[in-house]
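Notes for the one structure printed next.
Protein chains: 2
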Amino acid sequence: MHSPDTPQAHPGARPAARTAGRGTAARVTSRDVARAAGVSQATVSLVLGGKWRGRVSEPTVRAVREAARALDYRPNLAARSLRLGATRTAMLVVPALTHEYFARVYTGAAQVAARHGFGVVLYPSPAGIGPARDPFGSARTAIDGVIASSMAADALTAIGDGGLPLVMLDSDPGTPKGPPTVNLAVADGIRQVARHLLGLGHRRIAHIAADVDTWTFRARARAVEEALAAAGLPAAPRHPCALDVGAAKDAAVAALTAPGPRPTALLCDDDILAAGACKGVRSLGLAVPGDVSVTGFDDLSLAAALDPELTTVRLPAEAIGEHGMRALLRLLDGEDAPAVELPLTLVPRGSTAPPR
Amino acid sequence: MHSPDTPQAHPGARPAARTAGRGTAARVTSRDVARAAGVSQATVSLVLGGKWRGRVSEPTVRAVREAARALDYRPNLAARSLRLGATRTAMLVVPALTHEYFARVYTGAAQVAARHGFGVVLYPSPAGIGPARDPFGSARTAIDGVIASSMAADALTAIGDGGLPLVMLDSDPGTPKGPPTVNLAVADGIRQVARHLLGLGHRRIAHIAADVDTWTFRARARAVEEALAAAGLPAAPRHPCALDVGAAKDAAVAALTAPGPRPTALLCDDDILAAGACKGVRSLGLAVPGDVSVTGFDDLSLAAALDPELTTVRLPAEAIGEHGMRALLRLLDGEDAPAVELPLTLVPRGSTAPPR
DNA sequence: CCACCGCCGTGTTACGTATAACGTCCGGGG
DNA sequence: CCCCGGACGTTATACGTAACACGGCGGTGG
Chain A
76 MHSPDTPQAH
86 PGARPAARTA
96 GRGTAARVTS
106 RDVARAAGVS
116 QATVSLVLGG
126 KWRGRVSEPT
136 VRAVREAARA
146 LDYRPNLAAR
156 SLRLGATRTA
166 MLVVPALTHE
176 YFARVYTGAA
186 QVAARHGFGV
196 VLYPSPAGIG
206 PARDPFGSAR
216 TAIDGVIASS
226 MAADALTAIG
236 DGGLPLVMLD
246 SDPGTPKGPP
256 TVNLAVADGI
266 RQVARHLLGL
276 GHRRIAHIAA
286 DVDTWTFRAR
296 ARAVEEALAA
306 AGLPAAPRHP
316 CALDVGAAKD
326 AAVAALTAPG
336 PRPTALLCDD
346 DILAAGACKG
356 VRSLGLAVPG
366 DVSVTGFDDL
376 SLAAALDPEL
386 TTVRLPAEAI
396 GEHGMRALLR
406 LLDGEDAPAV
416 ELPLTLVPRG
426 STAPPR
Chain B
76 MHSPDTPQAH
86 PGARPAARTA
96 GRGTAARVTS
106 RDVARAAGVS
116 QATVSLVLGG
126 KWRGRVSEPT
136 VRAVREAARA
146 LDYRPNLAAR
156 SLRLGATRTA
166 MLVVPALTHE
176 YFARVYTGAA
186 QVAARHGFGV
196 VLYPSPAGIG
206 PARDPFGSAR
216 TAIDGVIASS
226 MAADALTAIG
236 DGGLPLVMLD
246 SDPGTPKGPP
256 TVNLAVADGI
266 RQVARHLLGL
276 GHRRIAHIAA
286 DVDTWTFRAR
296 ARAVEEALAA
306 AGLPAAPRHP
316 CALDVGAAKD
326 AAVAALTAPG
336 PRPTALLCDD
346 DILAAGACKG
356 VRSLGLAVPG
366 DVSVTGFDDL
376 SLAAALDPEL
386 TTVRLPAEAI
396 GEHGMRALLR
406 LLDGEDAPAV
416 ELPLTLVPRG
426 STAPPR
């Protein structure tokens with residue numbers, strides 16, 4: 076119906092027909108500004124670069140600035156990058172932008188970046204990591220550093236940082252001399268959830284676990300064990316499942332119909348699983364939170380859209396992105412960045428109640 | 076013979092001050108490749124640029140390619156952009172990346188872009204549109220074109236396209252000689268929802284409307300009127316509200332407690348409103364869909380996470396991004412792009428049933 | 001034997017910027 | 001009187017790539 080697109084980039088691309096049809100965006104260069112201001116191009120560069128103290132008189136500075144504004148001068152970023160050998164651009168690697176968490180991480184990183192004159196680009200095709208030897212492709216020459224989120228350590232080396240400054244988010248901080256990390260206090264978050272449930276009187280808690288091998292989910296699983304052990308309770312039965320609503324529903328049903336006394340609470344590894352768990356509870360004719368309490372993790376917008384609203388843990392996703400970007404900026408300045416761990420906060424809502 | 080290696084004394088021999096601790100990523104240039112292959116830099120550029128038909132012999136071509144691969148050569152994008160006057164980068168302007176729809180649009184656009192050697196960057200700070208005269212800032216020199224989604228036409232001019240090629244998504248196609256548009260068949264989508272409800276037997280339908288002044292929501296509102304009128308029914312009472320769960324809940328309560336016979340169905344402008352509407356229904360002690368049917372629009376992942384799952388309309392968000400990118404590519408090739416309208420599909424699920 | 005042409009490359013230049021190195025003009029100290 | 005040095009700019013250069021214009025060279029036709 077619509078035109079199919081060519082599978083490979085055509086080598087004989089057209090000369091792009093500069094300013095085809097559109098308004099002729101007459102590129103104004105620093106030399107044009109210089110001419111207009113009656114000075115040399117070097118002076119324009121000095122003035123607009125801000126390093127003119129003691130080198131250019133104030134009237135001249137004003138003249139240059141005036142001319143630049145009058146001509147609506149924008150420095151050519153490609154030329155600047157070529158000259159400086161730096162692009163003032165960071166690349167953010169995330170598994171999937173459609174997951175709200177990562178979109179928020181991006182937002183935070185971009186905000187801080189913009190404040191420092193940096194841009195943030197996303198890793199091209201999360202799914203299609205090409206031949207191992209060509210990780211970033213030519214993009215490697217177009218970025219100054221990399222921020223990678225929620226990646227297995229080996230997956231990162233598979234991508235290949237290409238010797239670029241690197242910051243890792245939500246990743247294993249274990250490696251002693253590895254890249255700086257910005258992490259969430261996941262264990263503490265889980266502990267808060269557990270204490271909340273225990274405080275309500277729950278003693279039989281099942282764990283709906285995400286079957287995903289990343290640091291954050293491994294940390295969540297371990298934290299659940301530790302939190303219950305600390306309360307002197309037996310280990311919670313663990314029901315691993317894929318990270319989607321349907322799988323979680325099945326896992327919840329399995330948890331609630333397992334032999335032995337029925338759990339009164341389902342502690343879920345994240346909000347999506349919790350949504351599925353709620354459906355599982357109801358599919359058995361039980362009520363949330365009347366018969367079974369359910370908790371989530373992440374505080375996606377989903378959590379407040381469910382009925383009842385999910386008791387969950389808020390992740391400061393934007394802050395993760397912000398700190399990640401700040402760490403990268405420090406790296407680019409030659410300093411080294413300290414590891415960061417951000418605190419989480421429990422958000423008690425309607426999906427939890429004392430057991431009947 | 077090779078060119079004599081004249082070791083000219085560089086005036087400013089910079090010892091790579093920046094990369095202090097990190098691995099010094101020895102930049103390999105096309106000239107290095109040329110030396111290794113025993114040819115000139117021009118030949119390397121020709122070969123790697125793909126335009127050597129009849130200009131370079133096949134053995135030489137192989138030698139160059141071999142050398143490039145051996146040295147792991149990556150062309151410097153800044154230099155290429157400077158030379159070509161084009162950056163092979165598009166900018167996508169969206170209101171909020173954290174909205175799943177826009178994240179999916181980005182994904183689609185990026186996919187097509189990558190296939191053509193293009194990159195996609197996001198408009199820096201959606202919230203902070205700075206002084207009107209400096210819309211894209213210097214970024215304007217770093218992009219070849221703009222794809223703008225869901226913007227009021229005037230807001231776009233406020234941003235200022237800066238004379239760059241422009242494609243508009245989900246926007247008013249009204250302007251005769253304006254930019255190419257890629258739109259959704261919103262009216263038809265609403266019609267499908269309305270027919271679905273009417274087919275189930277509903278006759279008293281209230282409209283929970285988003286109080287947002289963009290093309291897509293204006294189109295939805297008008298389509299609701301038309302669809303009911305076409306069925307010979309009186310206009311649906313319209314309850315506008317902000318685009319969040321809480322507001323929608325209140326609006327739903329208002330709709331259901333208004334004087335006169337109670338509506339048996341709530342047609343909502345999008346899934347988020349539908350989620351809120353469901354809560355409103357239940358807050359009155361009524362059931363979905365037993366007492367009141369509820370429909371959404373967008374088919375966010377949220378729709379399948381709710382209980383019951385939402386009857387909604389699936390938007391081909393990725394396809395919107397893909398077509399947007401293709402249209403921009405055509406514009407950059409000097410051709411002009413036809414307006415596109417993508418079809419929507421109803422997704423019947425558990426939130427609708429015949430009225431009691 | 002020369003003119004001509006196709007093949008296979010090479011020399012050179014320009015893109016726009018940042019900065020090192022180099023004047024130039026003056027007032028003043030020795 | 002001479003030279004020094006600060007204030008104020010300018011000239012020149014390099015970043016890495018793409019592409020234009022040119023040029024040997026070997027064969028071929030006249």
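One line per chain: the protein sequences are A and B, in this order.
Residues in the first sequence are numbered from 76 upward in steps of one, following our numbering.
Residues in the second sequence are numbered from 76 upward in steps of one, following our numbering.
Where a beta carbon is used, it is the ideal one built from N, C-alpha and C, also for glycine.
Looking at the structure shown, is residue i part of a helix, part of a strand, or coil, going by DSSP?
{"i": "residue 172 (chain A)", "result": "coil"}
{"i": "residue 224 (chain B)", "result": "strand"}
{"i": "residue 98 (chain A)", "result": "Reliability fails at residue 98 (chain A), whose pLDDT of 37 lies under 50, so the model's placement of it is uncertain and the value that follows must be treated cautiously. The answer is coil: DSSP assigns residue 98 (chain A) none of H, G, I, E or B."}
{"i": "residue 363 (chain A)", "result": "coil"}
{"i": "residue 241 (chain A)", "result": "strand"}
{"i": "residue 333 (chain B)", "result": "coil"}
{"i": "residue 147 (chain B)", "result": "coil"}
{"i": "residue 194 (chain A)", "result": "strand"}
{"i": "residue 420 (chain A)", "result": "strand"}
{"i": "residue 105 (chain B)", "result": "helix"}
{"i": "residue 216 (chain B)", "result": "helix"}
{"i": "residue 368 (chain B)", "result": "strand"}
{"i": "residue 350 (chain A)", "result": "helix"}
{"i": "residue 260 (chain B)", "result": "coil"}
{"i": "residue 339 (chain B)", "result": "coil"}
{"i": "residue 318 (chain B)", "result": "coil"}
{"i": "residue 23 (chain B)", "result": "The requested residue 23 (chain B) is not part of the displayed model; chain B covers only 76 to 431."}
{"i": "residue 161 (chain B)", "result": "coil"}
{"i": "residue 373 (chain A)", "result": "strand"}
Residues of chain B with CB closer than 7 Å to the CB of residue i, please, in chain order.
{"i": "residue 141 (chain A)", "result": "Going along chain B, no residue has its Cβ under 7 Å from residue 141 (chain A), so there is no contact; the nearest lies around 14 Å."}
{"i": "residue 377 (chain A)", "result": "377, 380"}
What does residue i touch in chain A if you count any residue whose Cβ is under 7 Å from its own?
{"i": "residue 423 (chain B)", "result": "In chain order: nothing, as chain A lies at least about 18 Å away."}
{"i": "residue 156 (chain B)", "result": "153"}
{"i": "residue 354 (chain B)", "result": "382"}
{"i": "residue 357 (chain B)", "result": "382"}
{"i": "residue 320 (chain B)", "result": "379, 380"}
{"i": "residue 350 (chain B)", "result": "380"}
Can you list, in chain order, the residues of its chain whose CB lies under 6 Å from that of residue i, leaving out five sequence neighbours each side?
{"i": "residue 168 (chain A)", "result": "198, 223"}
{"i": "residue 115 (chain B)", "result": "109"}
{"i": "residue 422 (chain A)", "result": "374, 387, 389"}
{"i": "residue 159 (chain B)", "result": "none"}
{"i": "residue 430 (chain A)", "result": "276, 277, 339"}
Less than 8 Å between the CB atoms is what I'm expecting for residue i and residue j, so what's the real figure, rounded?
{"i": "residue 383 (chain A)", "j": "residue 424 (chain A)", "result": "7 Å"}
{"i": "residue 367 (chain B)", "j": "residue 342 (chain B)", "result": "Going by Cβ atoms, the distance from residue 367 (chain B) to residue 342 (chain B) rounds to 11 Å, so no, they are not a contact pair."}
{"i": "residue 172 (chain B)", "j": "residue 420 (chain A)", "result": "At roughly 24 Å, the Cβ-Cβ gap does not stay under 8 Å, so residue 172 (chain B) and residue 420 (chain A) are not in contact."}
{"i": "residue 294 (chain A)", "j": "residue 333 (chain A)", "result": "So it is not a contact: roughly 25 Å between Cβ atoms."}
{"i": "residue 149 (chain B)", "j": "residue 291 (chain A)", "result": "Incorrect: roughly 32 Å between the Cβ atoms, too far for contact."}
Could you work out which residues of chain A lie near residue i, taking near to mean beta carbons separated by less than 8 Å?
{"i": "residue 182 (chain B)", "result": "172, 173"}
{"i": "residue 179 (chain B)", "result": "173"}
For residue i, I'd like the list of residues in its chain whose CB is within less than 8 Å of its CB, leaving aside the five on either flank, ordered along the chain.
{"i": "residue 318 (chain A)", "result": "285, 286, 287, 345, 347, 348"}
{"i": "residue 136 (chain A)", "result": "122, 127"}
{"i": "residue 300 (chain A)", "result": "310, 311"}
{"i": "residue 192 (chain B)", "result": "163"}
{"i": "residue 401 (chain B)", "result": "187, 412"}
{"i": "residue 184 (chain B)", "result": "165, 167, 195, 222, 396, 397, 399, 400"}
Just to make sure I have the definition right: I need the residues of chain B whose C-beta is within less than 8 Å of the C-beta of residue i. Which are they?
{"i": "residue 222 (chain A)", "result": "In chain order: nothing, as chain B lies at least about 15 Å away."}
Can you list the residues of chain B that residue i reaches, using a CB-CB cut of under 9 Å?
{"i": "residue 433 (chain A)", "result": "Here chain A covers residues 76 to 431 and nothing more, so residue 433 (chain A) does not appear."}
Looking only at its chain, what residues have a beta carbon closer than 7 Å to the beta carbon of residue i, apart from the 5 residues adjacent to it on each side?
{"i": "residue 315 (chain B)", "result": "284, 286"}
{"i": "residue 203 (chain B)", "result": "Bear in mind that the predicted position of residue 203 (chain B) carries a pLDDT of just 43, short of 50, making it too unreliable to give a figure here."}
{"i": "residue 178 (chain A)", "result": "172"}
Below 9 Å on C-beta distance, what does residue i contact in chain A?
{"i": "residue 285 (chain B)", "result": "Simply none; closest approach about 15 Å."}
{"i": "residue 196 (chain B)", "result": "164, 194, 195, 196, 197"}
- Task: Scan the segment 270-313 of chain B and note each continuous alpha helix (DSSP H) run of 4 residues or more that stays entirely inside, going in chain order.
- Result: Correct list: 290-305.
- Message: Please give me, in chain order, every unbroken run of the beta strand (DSSP E) with length at least 3 that falls completely inside the segment 376-406 of chain A.
- Response: Complete beta strand (DSSP E) runs here, min 3: 387-389.
- Message: To test your reading of the DSSP string, which unbroken alpha helix (DSSP H) runs of 4 or more residues are found completely within the segment 109-136 of chain B?
- Response: Listed in chain order, they are 116-124.
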